[in-house]
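Chemist: Here it is, the structure, as structure tokens.
Numbering (our numbering), first residue to last: 15 to 367.
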């Protein structure tokens, strides 16, 4: 019986400096039944010429070239062109380990799951810094339902550290959000996948090198910084259409949205922080109310921060500035007061605070 065909989609935009290393790592895979679909999104730096060179060298390489339309459009075009049984995604500034798809396919065939994930190396070009990113609890080969381990929804979406059943993706209507010039479009894709999975396999092998020092950072572009809100809107739309009524996914979605807002607030350029905070406040006001206090995944301090944020940026900043000196938290029916980090009062409380 022939081995299943894997379609690997490589989105390409102005990555001439890294592209050869990426393509070599794919074509040198020990699992050879591959088609490599390189989608050039209007590159202007010579990337297309490199793609054409590799197409002439290896019949498994396919090249699609189009005007620039953004990451989501590029990925959807690659997925639509795929003829394989399974899908892999390799970013064109990353490179993969020689046995990546052999190991992922072996696990898929063994466990019959729609998605297999692996850990990765965070990689810096100078070669002197390389850090293994193990999502929590991934120290052995495991099969589980994502909803039983909701921490899998947190952190880096890592859509490229995976093998997907392509027919399963299509049957569940899982695609990328197409917003020209946007960033973060892997986040809603990852959420959709995890929200619909009944079981997933994770393997302990570290199989991909994720480049962390590409100069084309979205953290210094105002348009791209604010695109995170488009992604959380897309996640809510998917929940409403495909997962409505599932309170566990609803709570995960709310927590995930807050996590990514907070994480990006820390990372973005200083000149965008206040505007980003105002948008955070607007979004929180729309989607948070006191009855969200029963969210099973939010910590007490998060609930209090969200409550303050929903009432305005000023209230939120005041709470954050005072919290090192004076902080009030609630757990069940217990109210705790800390001054300068020392607990000075613990009492029962009533009603909302």
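Each residue gets a CB set at the ideal place from its N, CA and C atoms; glycine is no exception.
Starting from the C-beta of residue 58, find all residues in its chain whose C-beta is less than 8 angstroms away, skip the five residues before and the five after it, and write them out in chain order.
Modeler: On the chain shown, residue 58 is found 44 positions in, with the first residue counted as 1. For residue 58, where only same-chain residues beyond five positions count, the Cβ hits under 8 angstroms are 28.
Chemist: Short check: CB of residue 243 to CB of residue 313, under 8 angstroms?
Modeler: As a position in the chain shown, residue 243 is number 229, starting the count at 1. As a position in the chain shown, residue 313 is number 299, starting the count at 1. No, these two residues do not count as a Cβ contact at 8 angstroms.
Chemist: First and last residue of the beta strand (DSSP E) that includes residue 48?
Modeler: As a working note, residue 48 is residue 34 in the chain shown. Counting along the chain, the beta strand (DSSP E) containing residue 48 begins and ends at 48-55.
Chemist: What distance in whole Å lies between the Cβ atoms of residue 333 and residue 320, which are believed to be in contact at a cut-off of 8 angstroms?
Modeler: Your numbering for residue 320 matches position 306 in the chain shown. Your numbering for residue 333 matches position 319 in the chain shown. Between residue 333 and residue 320 the Cβ distance is about 10 angstroms, and since that is not below 8 angstroms, they are no contact.
Chemist: Do you know offhand how far residue 71's Cα is from residue 102's?
Modeler: Translated into positions along the chain shown, residue 71 becomes position 57. Translated into positions along the chain shown, residue 102 becomes position 88. Answer to the nearest angstrom: the Cα atoms are 21 angstroms apart.
Chemist: What are the start and end residues of the alpha helix (DSSP H) that includes residue 79?
Modeler: The residue given as residue 79 occupies position 65 in the chain shown. Taken as a continuous stretch (DSSP letters only), residue 79 belongs to no alpha helix (DSSP H), being part of the beta strand (DSSP E) at 75-80.
Chemist: Going by DSSP, name the residue or residues bridged to residue 225.
Modeler: Residue mapping note: residue 225 aligns to position 211 of the chain shown, counting from 1. Residue 225 pairs with 137.
Chemist: Just grab the DSSP bridge partners of residue 22 for me.
Modeler: Against the chain shown, residue 22 aligns to sequence position 8. Looking at the DSSP assignment, residue 22 forms a beta bridge with 50 and 102.
Chemist: So residue 42 packs on residue 76, CB below 8 angstroms; how close in whole Å?
Modeler: Residue mapping note: residue 42 aligns to position 28 of the chain shown, counting from 1. Residue mapping note: residue 76 aligns to position 62 of the chain shown, counting from 1. Not a contact, Cβ separation roughly 18 angstroms.
Chemist: Check whether the Cβ atoms of residue 139 and residue 21 sit closer than 8 angstroms, and answer yes or no.
Modeler: Within the chain shown, residue 139 is the residue found at index 125, counting from 1. Within the chain shown, residue 21 is the residue found at index 7, counting from 1. Not a contact, by the Cβ cut-off of 8 angstroms.
Chemist: Can the beta-carbon of residue 266 be found less than 8 angstroms from the beta-carbon of residue 311?
Modeler: As a working note, residue 266 is residue 252 in the chain shown. As a working note, residue 311 is residue 297 in the chain shown. For residue 266 and residue 311, yes; Cβs fall inside 8 angstroms.
Chemist: Count Cβ pairs between the segment 174-193 and the segment 87-94 that sit closer than 8 angstroms; are there 3 or more?
Modeler: Because the criterion of three Cβ pairs below 8 angstroms is met, the segment 174-193 and the segment 87-94 touch.
Chemist: Excluding five sequence neighbours on each side, which residues of the same chain lie with their C-beta closer than 6 angstroms to the C-beta of residue 37?
Modeler: As a first step, residue 37 is located in the chain shown; it is residue number 23 there, counting from the start. 68, listed in sequence order.
Chemist: Taking 8 angstroms as the threshold (C-beta atoms), are residue 51 and residue 221 in contact?
Modeler: Your numbering for residue 221 matches position 207 in the chain shown. Your numbering for residue 51 matches position 37 in the chain shown. Cβ atoms of residue 221 and residue 51: not closer than 8 angstroms.
Chemist: Which residue comes first and which comes last in the beta strand (DSSP E) that contains residue 214?
Modeler: For the purposes of this step, residue 214 is taken as the residue at position 200 of the chain shown. Unbroken beta strand (DSSP E) run through residue 214: 214-216.
Chemist: Between residue 17 and residue 47, is the Cβ-Cβ spacing less than 8 angstroms?
Modeler: Within the chain shown, the letter at position 3 stands for residue 17. Within the chain shown, the letter at position 33 stands for residue 47. In this structure, residue 47 lies closer than 8 angstroms to residue 17 by Cβ.
Chemist: In angstroms, rounded to a whole number, what distance separates the CA positions of residue 281 and residue 274?
Modeler: For this step, residue 281 is matched to residue 267 along the chain shown. For this step, residue 274 is matched to residue 260 along the chain shown. Residue 281 and residue 274: Cα-Cα distance of roughly 11 angstroms.
Chemist: Taking the alpha-carbon positions, what's the residue 61 to residue 23 distance?
Modeler: Counting from 1 along the chain shown, the entry for residue 61 is found at position 47. Counting from 1 along the chain shown, the entry for residue 23 is found at position 9. Residue 61 and residue 23: Cα-Cα distance of roughly 15 angstroms.
Chemist: In its own chain, which residues sit with a C-beta less than 7 angstroms from the C-beta of residue 137, not counting the 5 before and 5 after it?
Modeler: Translated into positions along the chain shown, residue 137 becomes position 123. Cβ within range, chain order: 144, 223, 224, 225 and 226.
Chemist: Which residue comes first and which comes last in the alpha helix (DSSP H) that contains residue 191?
Modeler: Residue mapping note: residue 191 aligns to position 177 of the chain shown, counting from 1. Here residue 191 belongs to no alpha helix (DSSP H), and DSSP marks it neither H nor E.
Chemist: Within its chain, find whatever has a CB closer than 6 angstroms to the CB of residue 204; leave out the 5 residues flanking it on each side and keep chain order.
Modeler: Position 190 of the chain shown, counted from the start, is the residue given in the question as residue 204. Answer for residue 204: 171 and 173, listed in chain order.
Chemist: How big is the Cα-Cα spacing for residue 287 and residue 279?
Modeler: As a first step, residue 287 is located in the chain shown; it is residue number 273 there, counting from the start. As a first step, residue 279 is located in the chain shown; it is residue number 265 there, counting from the start. The straight-line gap from Cα to Cα measures roughly 6 angstroms.
Chemist: Starting from the Cα of residue 301, find the closest Cα among 289, 331 and 249 and give me that residue.
Modeler: Here residue 301 refers to the residue found at position 287 of the chain shown. If we check each option's Cα against that of residue 301, 249 comes out closest.
Chemist: Look at the alpha carbon of residue 84 and the alpha carbon of residue 94, and state the distance between them as a whole number of angstroms.
Modeler: Taking the first residue of the chain shown as 1, we reach residue 84 at position 70. Taking the first residue of the chain shown as 1, we reach residue 94 at position 80. Roughly 16 angstroms separates the two Cα atoms.
Chemist: Since residue 131 contacts residue 214 with CB under 8 angstroms, what's their CB separation in whole angstroms?
Modeler: Position 117 of the chain shown holds residue 131. Position 200 of the chain shown holds residue 214. Indeed, because the Cβ distance is near 7 angstroms, the residues count as touching under 8 angstroms.
Chemist: For residue 268, tell me which candidate among 183, 164, 181 and 327 has the shortest Cα-Cα distance.
Modeler: Counting from one through the chain shown, the residue named residue 268 turns up at place 254. With distances taken between Cα atoms, residue 268 lies closest to 164.
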